[in-house]
Amino acid sequence: MKRITVMCLAMWVTSPIVQAFESTKVLPKGIRNLNLRTIYTQTSTKTNKDGNIEPLAEPLWKPLRFRNILSSETGLKKKQLQALMLQQGWSEEDTVGDFYAELEAQINVWAPIFAFGVSERVTLAAALPVYSASTDIQVGFRTNEGADNFIGALTDPAMSNNKSAIEAAEKLQNAIPRLNEKLLDNSYDPLEKWNGTGIGDLTLLAKYLAVDGEIFKAALSGGVTIPTGDTENPDILTDLPFGDGQWDIISQLTFDQFITSNLMLNQFYKYTYQAPGNKPTRLKTGDETIEVELVDLDYKLGDKVDAGVSLQYEQPGTGIQAGLGLLAYRKFGDRYETDDLPAKDELQRATAHEANYWQAKLGYSSLEAFRRGEIAVPLMASIEYRKQTTSRNVPRTDFTQVDIRLFF
Numbered sequence: 005m006k007r008i009t010v011m012c013l014a015m016w017v018t019s020p021i022v023q024a025f026e027s028t029k030v031l032p033k034g035i036r037n038l039n040l041r042t043i044y045t046q047t048s049t050k051t052n053k054d055g056n057i058e059p060l061a062e063p064l065w066k067p068l069r070f071r072n073i074l075s076s077e078t079g080l081k082k083k084q085l086q087a088l089m090l091q092q093g094w095s096e097e098d099t100v101g102d103f104y105a106e107l108e109a110q111i112n113v114w115a116p117i118f119a120f121g122v123s124e125r126v127t128l129a130a131a132l133p134v135y136s137a138s139t140d141i142q143v144g145f146r147t148n149e150g151a152d153n154f155i156g157a158l159t160d161p162a163m164s165n166n167k168s169a170i171e172a173a174e175k176l177q178n179a180i181p182r183l184n185e186k187l188l189d190n191s192y193d194p195l196e197k198w199n200g201t202g203i204g205d206l207t208l209l210a211k212y213l214a215v216d217g218e219i220f221k222a223a224l225s226g227g228v229t230i231p232t233g234d235t236e237n238p239d240i241l242t243d244l245p246f247g248d249g250q251w252d253i254i255s256q257l258t259f260d261q262f263i264t265s266n267l268m269l270n271q272f273y274k275y276t277y278q279a280p281g282n283k284p285t286r287l288k289t290g291d292e293t294i295e296v297e298l299v300d301l302d303y304k305l306g307d308k309v310d311a312g313v314s315l316q317y318e319q320p321g322t323g324i325q326a327g328l329g330l331l332a333y334r335k336f337g338d339r340y341e342t343d344d345l346p347a348k349d350e351l352q353r354a355t356a357h358e359a360n361y362w363q364a365k366l367g368y369s370s371l372e373a374f375r376r377g378e379i380a381v382p383l384m385a386s387i388e389y390r391k392q393t394t395s396r397n398v399p400r401t402d403f404t405q406v407d408i409r410l411f412f
């Protein structure tokens, strides 16, 4: 079976330090900020290379062919089945039914982000997300006309194969348990519900306010992501990784253009270089995904590009904040270093990702009220919603994000 991967979903959520609504703001010297960020999302569908929506479990929608049945038989029984196929004019590629599945994934992320103003223009920050994730899978099998013809041929009195017909019918009825047995025989976990909790990759970031004009501001950001989170398990087809197993180098440009004293246009451009890594990988191919070799493989995940534009409004007197914007995400294709060309093609297939979102934000800031002595705690709170509009090779999902920022 092909791995049901929602890795790009998890990796999209593992960037907690870069938010949907960016700005050039930095902390004053000596001021600290703790941002308690919560992100929630769930999905049961994804988009393919053409942008069409399909079930997240589509890799499990596979036909059961005669060659699959032959591979499970030996000796005389296998020869008898081959003779029957020859007599009936069936080929090894003819099918007797189809596996189908439904999968739903849920991710909750709690990401404490600590920031410190080292000067009036430079802020340092660190984020370490904590994940609670689960997948729920339902797998089934339905026979087709090929199965009816197969059983019918075995029950033909002229064939004298009633015992074989009964055995064949039982095997088709128990296709799912037999699939899980085959998975276990090849060191996979059975297809079942999965849940896990753990930390993600640690992100360290520095932000420099390069231009601080009254109307126009610009900031440069740079940092690294350290692989502290658990990666995908090659033996579990339905797990969610909390990290991608290699270092990232982040660079970002952010611009603020003030239209009025309360309204600004923000633009940001972010590039993430993903360094090469090594991980245990199954050399699956388009034809065989279970009985495959597990090897340590060098790989290079595709670099990522994020860009966004937003209108942001803030009324200092009341503390009300609001925003509307657009967000674009691109990831280049992955590369795997192996001489097994069929496996290489399968591993690299559908690894280039695209997604576009619109986003909305509503928030409150007590900073001005704190300065006026009207409130005891300087904080900011906001809720953001991100709606996917178009995508390619990524889970079809929206995001809800809540931020509570404390200053001290």
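The sequence shown finishes on residue 412 if you use the numbering used here, and the numbering steps up by one all the way, no holes.
Just so it is clear, CB atoms sit at the ideal spot from N, CA and C, and this is done for glycine as well.
On a predicted model such as this, the values are computed, not experimentally measured, just so you know.
Exercise for the section: Taking the CB atoms as reference points, tell me whether Leu298 and Pro238 lie closer together than 8 angstroms. Expected result: yes
Handout entry: Counted within 10 angstroms of its Cβ, other Cβ atoms place Leu90 as buried (16 or more) or exposed
Key = Its Cβ having fewer than 16 others within 10 Å, Leu90 is exposed.
Practice task
Rounded to whole angstroms, what's the CA-CA distance from Arg41 to Gly202? Just pull it up for me.
Solution key: 16 angstroms
Exercise for the section: Check whether the Cβ atoms of Leu206 and Ala119 sit closer than 8 angstroms, and answer yes or no. Expected result: no
Exercise for the section: Tell me whether Thr159 sits in a helix, a strand or coil according to DSSP, three-state version. Expected result: In the structure shown, Thr159 sits in a helix (DSSP, three-state: H, G or I).
Exercise for the section: Work out the CA separation of Thr293 and Thr99 for me, nearest whole Å. Expected result: 18 angstroms
Handout entry: Assigned exposure category for Ser265 - 16 Cβ within 10 Å defines buried
Key = Per the 10 Å Cβ criterion, exposed.
Handout entry: Assigned exposure category for Tyr277 - 16 Cβ within 10 Å defines buried
Key = exposed
Exercise for the section: Tell me whether Asp349 sits in a helix, a strand or coil according to DSSP, three-state version. Expected result: helix
Problem - Element boundaries [beta strand (DSSP E), containing Asp269] - result: Correcting the residue identity first, residue 269 is Leu in this sequence and not Asp. Unbroken beta strand (DSSP E) run through Leu269: 267 to 278.
Exercise for the section: Starting from Pro181, follow the alpha helix (DSSP H) in both directions and report where the run begins and ends. Expected result: 179 to 189
Exercise for the section: Name the residue from Ile263, Gly327, Lys66 whose alpha carbon lies nearest to the alpha carbon of Ala179. Expected result: Lys66
Exercise for the section: Taking only the alpha-carbon atoms, compute the straight-line gap between Gly156 and Leu330 and give it to the nearest angstrom. Expected result: 59 angstroms
Handout entry: Asp243 in three-state terms, based on DSSP
Key = coil
Exercise for the section: For the alpha helix (DSSP H) holding Leu213, just list the boundary residues, first then last. Expected result: Element bounds for Leu213: not the alpha helix (DSSP H) but the beta strand (DSSP E), 206 to 216.
Practice task
In the DSSP assignment, find the alpha helix (DSSP H) that holds Arg396 and state where it starts and stops.
Solution key: It is not in any alpha helix (DSSP H) - Arg396 instead sits in the beta strand (DSSP E) that spans 383 to 396.
Exercise for the section: Give every residue of the same chain whose Cβ lies closer than 8 angstroms to the Cβ of Leu188, excluding the five residues on either side of it in the sequence, and list them in chain order. Expected result: Pro194, listed in sequence order.
Handout entry: Proximity below 8 angstroms, CB of Lys335 to CB of Ala356
Key = yes
Problem - Arg125, DSSP secondary structure in three states - result: coil
Problem - Inter-stretch contact at 8 angstroms, needing at least 3 Cβ pairs: the segment 40 to 56 / the segment 385 to 401 - result: Taking 8 angstroms as the limit for Cβ pairs, the verdict is that the segment 385 to 401 does touch the segment 40 to 56.
Practice task
Would you check if there are 3 or more beta carbon pairs closer than 8 angstroms linking the segment 99 to 114 to the segment 138 to 155?
Solution key: yes
Handout entry: Whole-number beta carbon distance between Ala137 and Gln46, since they are thought to touch under 8 angstroms
Key = Actually they are not in contact, since the Cβ atoms of Gln46 and Ala137 sit about 10 angstroms apart, beyond 8 angstroms.
Exercise for the section: Using a threshold of 8 angstroms, state whether the C-beta atoms of Ile111 and Ala61 are closer than that. Expected result: Against a cut-off of 8 angstroms, the Cβ pair of Ala61 and Ile111 comes out as no contact.
Exercise for the section: Quick one: using the 10 Å Cβ neighbour count with 16 as the cut-off for buried, is Pro20 buried or exposed? Expected result: Note on Pro20: pLDDT 46, under 50, position unreliable in the model; the coordinate value appears next. Buried, since its Cβ has 16 or more Cβ neighbours within 10 Å.
Handout entry: Cut-off 8 angstroms between Cβ atoms - residues of its own chain near Ile219, not counting five sequence neighbours on either side
Key = The residues are Gln261, Phe262.
Problem - Classification of Asn270 by the beta-carbon crowding that lies within 10 angstroms, buried from 16 upward - result: buried
Problem - Collapsed DSSP secondary structure at Ile35 in the structure displayed - result: coil
Problem - Cβ neighbour criterion (16 or more within 10 Å) applied to Arg71 - result: exposed
Handout entry: Exposure label - Leu345; buried when at least 16 CB within 10 Å
Key = exposed
Practice task
Could you tell me which of Ala115, Asp338, Phe412 sits nearest to Asp349, measuring between CA atoms?
Solution key: Residue nearest to Asp349 within the set Ala115, Asp338, Phe412 is Asp338 (criterion: CA-CA distance).
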